[in-house]
Amino acid sequence: MTQPSNDPGNERGENPAADVDLPTQYQPANVEGRLYERWVSAGYFTADPARNPAAPAYSIVIPPPNVTGSLHMGHALDHSIQDTLVRRRRMQGHEVAWIPGMDHAGIATQNVVERELAKEGLSRHDLGREAFVERVWQWKGESGGRILGQMRRLGDSVDWTREAFTMDEPRARAVRTIFKRLFDDGLIYRAERIINWCPRCLTALSDIEVEHYDREGELVSIRYSDEIVVATTRAETMLGDTAVAVHPDDERYRHLVGTTVELPLTGRRIPVVADEHVDPGFGTGCVKVTPAHDPNDFEIGRRHDLPTLSVMDERGVITAHGPFQGMDRFEARPAVVAALREDGRIVKEVRPYEHAVGHCQRCSTVVEPRVSLQWFVKVEPLAKAAGDAVRDGRVAIHPPEMAPRYFEWVDNMHDWCISRQLWWGHRIPVWYGPDGETVCPGPDDEPLAGWTQDTDVLDTWFSSALWPFSTLGWPDADAADLKRFYPTSVLVTGYDILFFWVARMMMFGLYAMDGVQPFHTIALHGMVRDQHGKKMSKSFGNVVDPLDWIDRYGADATRFTLLRGANPGGDVPVAEDWAQGSRNFCNKLWNATRFAMINGAHVRGGLPAEVSTVDAWILSRLQQVVADVDGHLESFDFAKACETLYHFAWDEVCDWYVELAKVQLADERAGATQRVLGEVLDKLLRLLHPVIPFVTEELWTSLTGEETIIRAAWPAADPAREDKAAELTVESLQRLVTEVRRFRADQGLKPGQKVAAALEWSDSPLRGHEEGVRALLRLTPPEDGFSATASLPVEGVVVRLDTAGTIDVAAERKRLEKDLAAARKEVEQTSKKLANEAFMAKAPDAVVAKNRGRLAQAEADIARLEAQLAALPAA
RNA sequence: GGGCGCGUAGCUCAGGGGUAGAGCACCCGCCUUACAAGCGGGUGGCCGCAGGUUCGAAACCUGCCGCGCCCACCA
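Under the numbering used here, think of the first position of the first sequence as 585, with each following residue one higher.
Laid out in structure tokens, this is it:
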């Protein structure tokens, strides 16, 4: 592509078209790959902490996608937001670091690879731990490469020289370091506790890895004695009951506390205990207590020193001696009820019962509470600090309505179970000696001979929680990146992982960095949904692959569609139609710039000292748009920023300014117009670049001849360019043109058809715009034989048209009478309002003024319409 | 059971005390020399229901009705 602005011979726009050879349609495929490669090889995305110490730092760590997957629309949204933020900051002169990377995604990844193995008829145990982990690494290489390719397609301006992985050596060292510190501070401990257990994955899960769904079950009421009836939805657990509990103040049962009852089917006698946890108002007020298989019962058991009797193994198979031994838990449940029924008195009632059941987030198996020896983080002091950092304003949550969710979680967090009985992950850095000693060595210590390492790995979120500082060189406190870029500026992510990830980064960031928060702002966005607001899911068949859109509409259109829907905190609906609309918008910009370049637009030198009213108007609007867009981006309101730019570019620049500029380009104002046109497109493309980087780069470099828009300065609003008078004039001109167009359309005059007209300007401020008006309305000057068959008085101008006798008087009269009635109603209502004393006394001046203006406008409309009616020829 | 939020044009959503907005869809007419991925014109809404506050309510308050999400150890 050539760059006409480099040619000094074009100053006045003499035949510059020969220099421009942009195709008439924007073809993203011809542009995106080429530009991205150039950007990366030029090092535009590479941060340099030493480059310019005076420049403010701006940093974002990307929420690392799971290596298991591929990027979906949610990622595309998340990345588009971050890219918009960092590209704007680069233009503002910040030193920007946007750190990319991926998450090893413990269970999720292990499950995927195990499924692959299963296709070969193998289990991980056939390979052994070492070979299995090797296999996962191999798979990670393939899958991860695909994700990185997707990020390039989206245009992510990430710093590839800083790419990180939650399980690479720098991150592993960070994990060992913080584990050691927490361990030494007594904030990590090992204990036998009841935890969530997945009988399929065969591992412990944290609370948030359990999803609760309502399920139809049965509530079985079982008579343990004449006086004691208990209810349960998990009948099989009664085999492990070691007590019955009642509320201490419950008069009905007080006399039974301290006695024992016989547990049906087992012959065991179990005590009746009094415990505050029991709600005397629920059911019978008696609760069976199964410490080995229920978290509440576990606590009751601890308070009353009850035995913990496990009746199930790690796969959910009954181990209790007797007829149920060897049965799966779901098989045992009806079997136990049936056995109880053999004595007709025991089962008092069975009724359908809907209740929430916990499922494994990764495989949807029903989770089983299970007592086992696990590692935990003592969260209380950490969570307190994480809550305080938001409470005292060091960290802002955006939008603020999300803050209650955050507090709800950090203020009620249970200790975090961090050990997983998996092979893929950071192995717990604790070693056991031959005599049972436990040691957590330093991060760089050699293993002790004869000692063995704990076989469990850490919850995947443990390493993710370190991400904002492990990616910046921590634990090396002197790391240049850490000093320059921590705390990170903003954390951008979906509200769905506020708990999983954000709160944990807060806890660990504040802890590891001596109270300094990991980010200044948490910017939460919603979920991408389909055009009916439905969640995208494979089962609905409504999943859209971002790559598909990028292929068909371009990365810019994909990004624009997402950002245009990104109202703060709201979910983002997307649809094919909207992607097409975005593609069309990119094409519109393409053609507007093409028009400008064909006509010699340029950005050389300052703006002309004298500009036309039309130029003054567009420059005034431009500076307002700069201010508005800047404000919207500052407050993460991407939807408004996009809307503002869309309407300015299309409705004002293309539909009006370009059309009016055509007239100016043909007369002595050409030179100034070329410069103003260049100015408008220059600023507009810069404002749009963070959102749609490819097309703006391609157009802007062509227009200006500069190397890259990435390093162009972010536009600043210039209040001195505000020109309300010019705006009013152009608005008046727009009303005039629209009214005459309406008349033309109503009268069936074809848009292309030239119509002769005489214009009577009297003293209208539009007097100087006759040429523009004629061009927009396709009006030719009156010639011999001109005969005005229609007269339109509007905006202080009388337009006399020679419609060659085609005028439909009846239709026009009807139309005008309708408008007249509306205007009269307006006058009536507004006058009434202005006559209202209370209104005049209490309404703000601006509102009164607005109503006066409204009244004046309506009165003017009446005059105009009456004049138009009077001017109509008799039918 | 707690928390947050939402019901505005056919669809998706803005707006937020001063007489309703956008995109898409729809209707009519146009290949008008940047763009048919385009241009011009137009139709369409008692802003969920009922009360209240106010000179004025789609907006604020109360109560209903309907919907969504998050959290939760009532067996």
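Ideal Cβ placement from N, Cα and C applies to all residues, glycine included.
Item: Phe-763 by DSSP, collapsed to three states: which one?; Value: helix
Item: Closest to Val-1382 by C-alpha separation, out of Ala-1419, Val-1321, Arg-1362, Ala-1425, would be which residue?; Value: Val-1321
Item: What are the start and end residues of each continuous alpha helix (DSSP H) run of 4 or more residues lying completely inside the region 811 to 842, in chain order?; Value: none
Item: Considering Asp-788, what are the terminal residues of the beta strand (DSSP E) in which it resides?; Value: One detail in the question is off: residue 788 reads as Ala in this sequence, not Asp. Ala-788 -> beta strand (DSSP E) spans 787 to 789.
Item: What does a CB cutoff of less than 6 angstroms around Asp-571 pick up in its chain, not counting 5 residues either side in sequence?; Value: What the structure shows of the chain is the stretch from 585 to 1459, and residue 571 is not part of that stretch, so it cannot be assessed.
Item: Looking at the secondary structure, which residues open and close the beta strand (DSSP E) in which His-1116 lies?; Value: No beta strand (DSSP E) holds His-1116; DSSP gives it neither H nor E.
Item: For Gln-958, which of helix, strand or coil comes out of DSSP?; Value: strand
Item: Helix, strand or coil: which one does DSSP assign to His-1109?; Value: strand
Item: Could you tell me which uninterrupted beta strand (DSSP E) segments, each at least 3 residues in length, are contained entirely in the region 1368 to 1419, listed from first to last along the chain?; Value: 1374 to 1378, 1381 to 1386
Item: Could you compute how far the alpha carbon of Trp-623 sits from the alpha carbon of Asp-1214?; Value: 24 angstroms
Item: What's the call for Cys-870, buried or exposed, on a 16-neighbour Cβ count within 10 Å?; Value: buried
Item: Label Phe-866 either buried or exposed according to how many other C-beta atoms from any shown protein chain fall within 10 Å of its C-beta, with 16 as the threshold for buried.; Value: exposed
Item: Ile-1044 to Thr-1145, Cα distance in whole Å?; Value: The sequence shown places Thr at residue 1044, not Ile. Looking at the two C-alpha atoms, the distance is approximately 33 angstroms.
Item: Evaluate Met-1424 with the Cβ neighbour count: other Cβ atoms within 10 Å of its Cβ, from every protein chain shown; 16 or more gives buried, anything less gives exposed.; Value: exposed
Item: Quick one: using the 10 Å Cβ neighbour count with 16 as the cut-off for buried, is Thr-1364 buried or exposed?; Value: exposed
Item: At which residues does the alpha helix (DSSP H) containing Asn-1168 begin and terminate?; Value: 1160 to 1182
Item: Would you check if there are 3 or more beta carbon pairs closer than 8 angstroms linking the region 1285 to 1304 to the region 626 to 646?; Value: yes
Item: For Leu-840, which residues in the same chain have their Cβ closer than 8 angstroms to its Cβ, ignoring the five residues on either side in sequence?; Value: Glu-811, Ile-812, Val-830, Val-856
Item: Is the CB-CB distance between Thr-1072 and Phe-1103 below 8 angstroms?; Value: yes
Item: Where does Arg-836 land, buried or exposed, given buried means 16+ other C-beta within 10 angstroms?; Value: exposed
Item: Can you name the start and end residues of the beta strand (DSSP E) that Arg-807 belongs to?; Value: 794 to 807
Item: Short of 6 angstroms in beta carbon distance, which residues of its chain neighbour Phe-805, apart from the five on each side in sequence? Order them along the chain.; Value: The displayed chain sequence assigns Ser, not Phe, to residue 805. Answer for Ser-805: Val-813, Ala-815, Lys-932, Glu-933, listed in chain order.
Item: Could you tell me the boundaries of the beta strand (DSSP E) in which Asn-880 lies?; Value: Run containing Asn-880: none in the beta strand (DSSP E); it sits in the alpha helix (DSSP H), 879 to 888.
Item: Please identify the residue among Gly-1332, Leu-669, Leu-1042 whose C-alpha is closest to the C-alpha of Thr-750.; Value: Leu-1042
Item: Would you check if there are 3 or more beta carbon pairs closer than 8 angstroms linking the region 1411 to 1430 to the region 1365 to 1381?; Value: no
Item: For Leu-548, which residues from the same chain have a beta carbon less than 8 angstroms from its beta carbon, with the 5 sequence-adjacent residues on both sides left out?; Value: The chain is shown from 585 up to 1459; residue 548 falls before or after that span and cannot be answered.
Item: Evaluate contact between the region 788 to 805 and the region 899 to 916, counting only Cβ atoms and requiring at least three cross-stretch pairs below 8 angstroms.; Value: no
Item: Give the straight-line distance between the Cα atoms of Asp-687 and Pro-647, rounded to the nearest whole angstrom.; Value: 9 angstroms
Item: For Asp-889, is the classification buried or exposed, using 16 other Cβ atoms within 10 angstroms of its Cβ as the cut-off for buried?; Value: exposed
Item: Helix or strand or just coil, what does DSSP make of Met-1091?; Value: helix
Item: Strictly by DSSP, which residues pair up with Cys-782?; Value: Thr-787
Item: Look at the alpha carbon of Ala-1036 and the alpha carbon of Asp-1019, and state the distance between them as a whole number of angstroms.; Value: Just to set this straight, residue 1036 is Thr in the shown sequence, not Ala. Cα to Cα, Thr-1036 sits roughly 11 angstroms from Asp-1019.
Item: Which of the three DSSP states is assigned to Glu-933 in this structure?; Value: strand
Item: What does the alpha-carbon distance come out to for the pair Pro-832 and Thr-821?; Value: 24 angstroms
Item: Looking only at C-alpha atoms, which of Asp-1065, Asp-1060, Pro-1299, Gln-1115 sits nearest to Gln-676?; Value: Pro-1299
Item: Spatial neighbours of Ala-1256 within its chain, please: CB distance less than 6 angstroms, with the 5 preceding and 5 following residues excluded, ordered by chain position.; Value: Pro-1192, Val-1195
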